[in-house]
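*Asks:* Next up is a structure, given as structure tokens.
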Amino acid sequence: VAAGANPMDLKRGIEKAVEIVVSDLKKQSQVVEVGSKKIEQVASISANNDKGTGKLIAEAFGKVGKEGVITVEEAKSTETYVEVVEGMQFDRGFQSPYFVTNTDKMITELDNPYILLCEKKISVMKDLLPILEPVAQSGKPLLIISEEVDGEALATLVVNKIRGSLKVAAVKAPGFGDRRKAMLEDIAILTGGTVISEETGTKLEDATIH
Numbered sequence: 001v002a003a004g005a006n007p008m009d010l011k012r013g014i015e016k017a018v019e020i021v022v023s024d025l026k027k028q029s030q031v032v033e034v035g036s037k038k039i040e041q042v043a044s045i046s047a048n049n050d051k052g053t054g055k056l057i058a059e060a061f062g063k064v065g066k067e068g069v070i071t072v073e074e075a076k077s078t079e080t081y082v083e084v085v086e087g088m089q090f091d092r093g094f095q096s097p098y099f100v101t102n103t104d105k106m107i108t109e110l111d112n113p114y115i116l117l118c119e120k121k122i123s124v125m126k127d128l129l130p131i132l133e134p135v136a137q138s139g140k141p142l143l144i145i146s147e148e149v150d151g152e153a154l155a156t157l158v159v160n161k162i163r164g165s166l167k168v169a170a171v172k173a174p175g176f177g178d179r180r181k182a183m184l185e186d187i188a189i190l191t192g193g194t195v196i197s198e199e200t201g202t203k204l205e206d207a208t209i210h
């Protein structure tokens, strides 16, 4: 560009090159099925040719499947092992530090909570009231997973949490667009709930606990 090349021609050239390279990589790639010996081989190479570590990684994939989440953590002993934790994990945190229940670790822990799944943003408190009142009476915690909780709704949740009248936490739903919808449906299937959305014909003010 500095030498006088047309920026748009350069952009189109880069896009064509990327398309060709990606297409060629796809042709060369091989699908590695969970449970196959290739998983262990690939993992061993990635672990600096450590066959022991490769075998453990292959074992982890075999237990959780290709859609499972695998994390590597430092052990408190010299033993290296695989531990399976049932449940679901996604990369989102609480929307307000006031939802923290363990200030030493700065984490929020809710024991067997009700879970509210909502595709849209929640800003108005009156939409939440029909669900908050029975939840508060039950004494159980509430976890809200939605696009976002803000404004009056977030402020009211924080005030009730501080007062101790409601054990609650709100987190942003994982993903974006259609990916977010799919992940909310996954959470609904896992928890036995229903996603409140226009597609399912459900409204927040009509939500019930069960």
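Each residue of the sequence shown is one higher than the one before, starting from 1 at the first, in full-length UniProt numbering. Heads up, the beta-carbon is just placed ideally off N, CA and C, and yes, glycines get one too. As the structure is a computational prediction, the values presented were derived from the model and not from experiment.
Span of the beta strand (DSSP E) holding residue 144?
*Replies:* Here residue 144 corresponds to residue number 144 of the sequence shown, with the count starting at 1. Run containing residue 144: 142-149, per the beta strand (DSSP E) assignment.
*Asks:* Sort 184, 89 and 128 by Cα distance to residue 152 and report the nearest one.
*Replies:* Taking the sequence shown and counting its residues from 1, one reaches residue 152 at position 152. Here the closest residue by C-alpha is 128.
*Asks:* On a CA-only basis, which of 210, 81 and 11 is nearest residue 138? Give me that one, please.
*Replies:* As a working note, residue 138 is residue 138 in the sequence shown. Residue 138 has its Cα closest to that of 210, out of 210, 81 and 11.
*Asks:* Name, in chain order, the residues that DSSP records as bridge partners for residue 94.
*Replies:* Counting from one through the sequence shown, the residue named residue 94 turns up at place 94. DSSP output for residue 94 lists 171 as bridge partner(s).
*Asks:* Sorted by chain position, which residues of the same chain lie with C-beta nearer than 7 angstroms to residue 181's C-beta, five sequence neighbours on each side aside?
*Replies:* Here residue 181 is taken as the residue at index 181 of the sequence shown, counted from 1. The residues are 119.
*Asks:* Touch check for the segment 154-172 and the segment 194-205: three-plus C-beta pairs under 8 angstroms?
*Replies:* no
*Asks:* Residue 119 lies in the beta strand (DSSP E); which residues open and close that run?
*Replies:* Position 119 of the sequence shown, counted from the first residue, corresponds to residue 119. Residue range 114-122 is occupied by the beta strand (DSSP E) that includes residue 119.
*Asks:* Where does residue 218 sit, in a helix, a strand or coil, going by DSSP?
*Replies:* Examination of residue 218 is not possible in this model, given that the chain is present from 1 through 210 alone.
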